[in-house]
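For reference, the structure discussed in these notes is given below.
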Amino acid sequence: SLTEHHHSVHGLEKVGIVNKTKVSENGKRLRKNWSSSWTVLHDGILTFHKDPKFMPTGTSSKTSQIVPEYTVDLRGASIFWASKEKSSKKNVLEIKTRRGSEYLMQYDTDTIISDWKKVIEDTIRHLEVK
Ligand code: I3S
Numbered sequence: 027s028l029t030e031h032h033h034s035v036h037g038l039e040k041v042g043i044v045n046k047t048k049v050s051e052n053g054k055r056l057r058k059n060w061s062s063s064w065t066v067l068h069d070g071i072l073t074f075h076k077d078p079k080f081m082p083t084g085t086s087s088k089t090s091q092i093v094p095e096y097t098v099d100l101r102g103a104s105i106f107w108a109s110k111e112k113s114s115k116k117n118v119l120e121i122k123t124r125r126g127s128e129y130l131m132q133y134d135t136d137t138i139i140s141d142w143k144k145v146i147e148d149t150i151r152h153l154e155v156k
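Numbering (the working numbering), first residue to last: 27 to 156.
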């Protein structure tokens with residue numbers, strides 16, 4: 027139920043800045059488009075927000091920072107370190123959704139990206155038992 031779901035992931039929440047790109051949608055390959063993103067993990071959903079740099083001019087920074095770009099349902103998803111073929115960047119995580127979409131998430135600082143990996147893994151595991 028919704029209530030059980032809520033309890034199961036309660037407290038497993040994180041926010042921060044990472045670099046991200048979507049790489050496929052429903053199994054169909056997309057062109058990478060890396061950008062910096064305010065990223066929020068809440069209730070089993072990972073939300074990548076738009077990079078204010080790429081918002082139309084005149085958009086207030088307060089508004090642009092909270093515009094979601096991708097929402098990723100972590101139920102049934104998997105996360106792992108991306109292979110070298112996926113990106114030349116260091117510390118790249120790959121998230122594959124149940125529906126066959128793929129995202130890359132990257133950050134140069136090891137501890138920061140490792141913390142994201144851990145909390146996303148924990149979230150996926152908690153969602154599995156429901
Ligand atoms: O897989 P690719 O094509 O080497 O990915 C690179 C491209 O997305 C590139 O953009 P353009 O196709 O507009 O040149 C990006 O600037 C690169 O960052 C991508 O490679 P990395 O290895 O950084 O994910």
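Every residue gets a Cβ at the ideal spot worked out from N, C-alpha and C, and that includes glycine. Note that the structure is a prediction, hence the values are computed from the model and not measured.
Any non-hydrogen atom of the ligand I3S closer than 8 Å to residue i Cβ
| i | result |
| --- | --- |
| T65 | no |
| W60 | yes |
| T57 | The sequence given here places Arg at residue 57; Thr does not occur at that position. Answer for R57: yes, Cβ within range of the ligand I3S. |
| L119 | no |
| L153 | no |
Closest residue to residue i among the options (Cα-Cα distance)
| i | options | result |
| --- | --- | --- |
| S50 | I146, L130, K116 | L130 |
| T123 | L100, S61, D134, A108 | L100 |
| G102 | A108, K116, S109, S127 | S127 |
| K58 | W64, D134, N45 | N45 |
| L153 | I71, K40, K143 | I71 |
| E120 | K40, I146, E95 | I146 |
Residue i - containing alpha helix (DSSP H), residue span
| i | result |
| --- | --- |
| L56 | It is not in any alpha helix (DSSP H) - L56 carries neither H nor E in the DSSP assignment. |
| I139 | 136-154 |
Any non-hydrogen atom of the ligand SAM closer than 8 Å to residue i Cβ
| i | result |
| --- | --- |
| S114 | With respect to the ligand SAM, the structure shown offers nothing to examine, as its ligands consist of the ligand I3S. |
Residue interval of the beta strand (DSSP E) (run including residue i)
| i | result |
| --- | --- |
| V93 | Here V93 belongs to no beta strand (DSSP E), and DSSP marks it neither H nor E. |
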